[in-house]
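In the working numbering, each residue's number is its place in the sequence shown (first place is 1) plus 202.
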Amino acid sequence: MAIEVSVNGSPRHIEADPDTPLLRVLRDTLGLTGAKYGCGEGLCGACAVLVDGHAVNSCVTPLSAVAGSKVTTVEGLETNGRLHPMQQAFLDKGAMQCAYCTPGMILGAISLLNTKPAPTEADIVEAMDGHICRCGTYPRIVDAIRLAASRQAGNRPR
Ligand code: FES
Ligand code: FES
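Written out as structure tokens, the structure reads:
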């Protein structure tokens with residue numbers, strides 16, 4: 203079956219079983235390996251991508267669920283060679299160690315700011331609860347999200 207979906211701004215025509223996990227399509231069909239396979243059960247957030255601006259765990263999202271949607275992976279975040287502000291904040295705060303969780307963390311954090319531009323620390327902890335970092339960089343991740351939110355607020359027209 204053919205499914206039309208926008209991936210990182212490009213229209214894609216994908217021939218696959220509609221039940222195929224989105225993560226498999228991204229990694230194996232489209233060669234976008236930024237989204238990682240962790241648990242495969244929707245429990246760790248390593249595979250998170252944005253679908254129409256909201257983070258979903260692509261390992262448990264069937265291809266059919268994103269038909270006609272806009273999917274964004276970590277590869278699609280930079281603009282004209284410039285990192286997305288959330289990527290820059292993660293770098294500036296050193297919010298990673300092995301970085302296996304980082305793409306999912308960044309997309310989860312962008313999703314949070316899309317719905318709540320000025321989150322409290324409690325909001326951040328709650329929203330990122332489904333993202334696991336085996337290296338334990340949580341405090342720096344929270345700092346990075348706060349930094350991105352404050353930069354975003356500074357750039358917002360008043
Ligand atoms: S690999 Fe998808 S949530 Fe863990
Ligand atoms: S930096 Fe290693 S799992 Fe998060």
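Glycine included, each C-beta is placed from N, C-alpha and C at the ideal position.
For this session: Out of L279, R229 and T222, point me to the one whose CA is closest to L204's CA.
Result: Translated into positions along the sequence shown, residue 204 becomes position 2. Reading off the sequence shown, one finds Ala at residue 204, where the question assumed Leu. The shortest Cα separation from A204 among L279, R229 and T222 belongs to T222.
Exercise. Taking all protein chains shown into account, do 16 or more other C-beta atoms lie within 10 angstroms of the C-beta of H215, making it buried, or fewer, making it exposed?
Worked result: Here residue 215 is taken as the residue at index 13 of the sequence shown, counted from 1. Exposed is the call here.
For this session: Please classify T275: is it buried, with 16 or more other beta-carbons within 10 angstroms of its beta-carbon, or exposed?
Result: Counted from its first residue, the sequence shown places residue 275 at position 73. Buried, by the Cβ-count rule.
Problem set entry | Heavy atom of ligand 2 within 7 Å of R336 beta-carbon | For this step, residue 336 is matched to residue 134 along the sequence shown. Yes, the beta carbon of R336 sits closer than 7 Å to at least one heavy atom of ligand 2.
Problem set entry | Option nearest E280 by Cα separation, candidates N316, Q289 and G255 | In the sequence shown, the residue the question calls residue 280 occupies position 78. Per the Cα distances, Q289.
Exercise. Excluding the five sequence neighbours on either side, which residues of its own chain have a C-beta within less than 8 Å of the C-beta of S271, listed in chain order?
Worked result: The residue given as residue 271 occupies position 69 in the sequence shown. Cβ within range, chain order: V207, S208, V253 and D254.
Exercise. What is the DSSP secondary structure of L309, reduced to helix, strand or coil?
Worked result: Translated into the one-based positions of the sequence shown, residue 309 becomes position 107. It is helical.
Exercise. Can you tell me whether DSSP reads A355 as helix, strand or coil?
Worked result: The residue labelled residue 355 in the question sits at position 153 within the sequence shown. Helix.
Exercise. What number of angstroms, rounded off, separates the C-alpha of N282 from the C-alpha of L315?
Worked result: Taking the first residue of the sequence shown as 1, we reach residue 282 at position 80. Taking the first residue of the sequence shown as 1, we reach residue 315 at position 113. Going from the Cα of N282 to the Cα of L315 covers about 22 Å.
Problem set entry | Spatial distance of I347 from P213 (CA atoms) | Counted from its first residue, the sequence shown places residue 347 at position 145. Counted from its first residue, the sequence shown places residue 213 at position 11. Those two C-alpha atoms are separated by around 30 Å.
Exercise. What is the DSSP secondary structure of S271, reduced to helix, strand or coil?
Worked result: Counted from its first residue, the sequence shown places residue 271 at position 69. The answer is coil: DSSP assigns S271 none of H, G, I, E or B.
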